[in-house]
Amino acid sequence: MIEVSAALLRGAVFLAGEPLECLVTLRNPLPPDATSASSEMLAWASAQIHCQFHASESRVALPPSEDSRHDVQAENETVFVPNRGERGHCILSTPPKILFCDLRLDPGESKTYSYCETLPVDGPPSFRGQAVKYVYKLTIGCQRVNSPIKLLRVPFRVLVLHGLKDYQCPQDEAVAPSNPFLEEEEGAKKDSRLADLATELLMAATSRRSLHLYNISNSRGKVGTFCIFKAVYKIGEDIVGTFNFSEGDIPCLQYLVSLQTEERIQEAFQHRRGQPVSYSTHARHQESCLHTSRTSFSLPIPLSSAPGFSTNIVSLKWRLHFEFVTSREASQRQAPPEGPPSEEASRWSGVEQMDVDTFSWDLPIKVLPTNPLLASSVSQVPGANSLTI
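In structure tokens, the structure reads:
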């Protein structure tokens with residue numbers, strides 16, 4: 065019996081183009097004082113990254129698969145198929161890397177191997193939607209002689225920052241700042257430059273602030289104005305907006321703001337023509353605003369959500385969805401009567417029923433990835449797994 069464990073070194077969230085590093089440890093759990101006959105042997109072990117795509121059959125029409133082979137692992141088969149037994153289709157994979165061959169572990173002995181692979185930049189981001197799913201996994205295959213292959217899978221999350229692959233890191237190391245008292249490997253320098261470049265691009269894209277004013281009106285007249293300071297955000301940021309109802313002619317009784325994603329299947333892959341778009345709500349704010357001149361809201365973009373993206377099968381966009389409830393009578397704006405207190409007690413109460421109108425409005429926004437280290441801090445993906453062979 066051999067215990068196999070795998071752990072990602074830097075959390076479970078990565079940017080496409082970053083290197084993924086994983087430590088694979090194999091251990092013979094028997095006590096060291098066991099006899100030499102208790103030594104364990106493994107023929108080989110290999111590792112590979114793949115992206116698995118799964119689509120809802122009721123919403124997505126995919127062409128028939130060309131691979132009709134039966135998905136069964138033979139007793140003596142040595143072919144390493146990392147997505148064996150997985151649902152859906154493997155749309156992206158890296159070349160497999162052999163970790164070792166003919167490994168012998170004595171009782172109590174353990175061996176650790178390092179696996180490193182750069183994540184492809186041309187793949188989709190990790191996404192779990194209503195119609196499609198893109199799931200990334202690192203699969204480690206181990207096999208004893210004349211035994212079936214055992215697969216150990218470590219899921220992780222990938223964020224895609226479009227345009228990152230078009231920027232080249234500087235080649236002249238002579239002008240780059242360095243610390244002569246620290247020894248840093250060349251690979252670590254390159255990885256750090258890539259992460260710093262991604263951070264700079266995200267900051268440049270999301271730090272631009274410009275006032276956006278929108279008039280809110282219906283068929284009866286103006287309700288108010290809405291103000292937002294930018295339209296491009298990172299995952300994890302808060303979307304802050306303000307309303308000004310003092311300049312409106314129609315009283316607003318209540319409003320609802322929802323942060324939503326729009327999942328749209330490309331026309332060529334729609335199960336039926338004209339099928340509806342899927343919406344998911346990630347945050348919402350509702351407020352009663354009668355007699356309110358100014359108010360605001362703040363909606364957080366969850367760190368676990370996916371940024372906007374588009375593939376040949378599906379596109380994901382973000383938006384703010386507004387719903388307003390307005391009064392048909394302008395007199396409803398009047399506040400309770402004010403004046404000097406009288407000797408007789410008086411009570412003012414609002415009307416129990418009123419005629420209202422409702423209408424909605426959608427404001428598209430752009431949501432980009434965030435620093436993968438920040439997303440890893442709240443990720444529910446463990447980034448480690450183990451099995452016993």
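All you need for this note's numbering is the position in the sequence shown, starting with 1, plus 64.
Beta carbons: idealized from backbone N, C-alpha and C, even for Gly.
For residue i, the nearest candidate out of the options (CA to CA)
i    : options                   : result
L432 : V224, E351, S424 and Q324 : V224
K381 : R168, F388, E327 and T434 : E327
T176 : C86, G187, L156 and L215  : C86
L183 : E104, V196 and T158       : T158
E67  : P83, E104 and R123        : E104
T270 : F386, L84, N435 and L79   : N435
S391 : V378, D421, S368 and T345 : D421
S122 : G205, A262 and F333       : F333
Q324 : N308, S344, K298 and P340 : S344
R383 : A195, L202, R348 and F307 : R348
L90  : Q194, R337, L156 and C206 : C206
N376 : F307, A262 and I155       : I155
Y200 : L106, K298, P146 and D426 : P146
G312 : R284, F423 and S322       : R284
A262 : R74, E82 and S443         : E82
C180 : N282, I204, F386 and V442 : I204
L265 : S322, H226, P171 and S424 : H226
P340 : P160, A195 and H276       : A195
W425 : H385, S174 and T99        : H385
I213 : V143, P160 and Q417       : V143
F361 : I292, P428 and C316       : I292
S174 : S342, Q417, P160 and P96  : P96
H355 : R411, H346, S342 and G288 : G288
Residue i and residue j closer than 8 Å at C-beta
i    : j    : result
A448 : A111 : no
I280 : F290 : yes
S440 : V77  : yes
A370 : P189 : yes
I113 : L202 : yes
F309 : S357 : yes
Q330 : S379 : yes
V185 : A268 : no
C115 : G172 : no
L167 : V88  : no
N282 : F191 : no
Per DSSP, the bridge partner or partners of residue i
i    : result
L167 : L106
S310 : In DSSP, S310 forms no bridge with anything.
D426 : H385
S190 : BP columns for S190 are empty, so no partner.
L447 : Going by the sequence as given, residue 447 is Gly instead of Leu. Bridge partners of G447: none, in fact.
T182 : P83
S11  : With the chain covering 65 to 453 only, the question about residue 11 has no answer from this structure.
N279 : T289
F117 : H153 and Y198
R91  : E67 and S174
T452 : E67
T99  : Paired residues: none, contrary to the question.
V145 : DSSP lists no partner for V145.
T203 : Q112 and R217
6 Å CB neighbourhood of residue i in its chain, flanking five on each side removed
i    : result
C165 : W108
L169 : N92 and E104
K197 : H118
G251 : The predicted position of G251 is uncertain, since its pLDDT is 45 and thus under 50; a value taken from the coordinates is nonetheless stated next. The answer is none, since no qualifying residue turns up.
H153 : F117
G193 : E327
K294 : R273
L320 : Q350 and E387
E150 : Q116
Y278 : F290
R397 : Unreliable positioning characterises R397 in this predicted model, as indicated by a pLDDT of 49, which lies under 50. The coordinate reading is nonetheless provided below. Cβ within range, chain order: P315.
P428 : R383
S120 : A195
H276 : I292
Other residues of its chain near residue i: CB distance less than 7 Å, five sequence neighbours each side excluded
i    : result
V445 : A76, P219, F220 and R221
A125 : F333, Q334 and H335
Sequence-distant residues of its chain with Cβ nearer than 8 Å to residue i (five each side left out)
i    : result
M65  : N92, P93, L94, E104, T452 and I453
L438 : G300 and L367
D260 : none
L72  : L84, E85, C86, L202, V218, F220, G447 and A448
K419 : Looking at the sequence provided, one finds Asp at residue 419 rather than Lys. These residues qualify, in order along the chain: S391, R392 and E393.
T359 : T306, F307, F309, E351 and C353
K430 : A295, V296, Y297, G372 and W382
R337 : E331
R208 : M105, L106, A107 and I453
S450 : E67, V68, S69, A70 and L216
S132 : A caution first: S132 carries a pLDDT of 43, below 50, which makes its placement in the model too unreliable to give a value.
Identify every run of the beta strand (DSSP E) within the segment 334-382, keeping only runs that are complete inside it and at least 3 residues long; order them along the chain.
342-352 and 358-364
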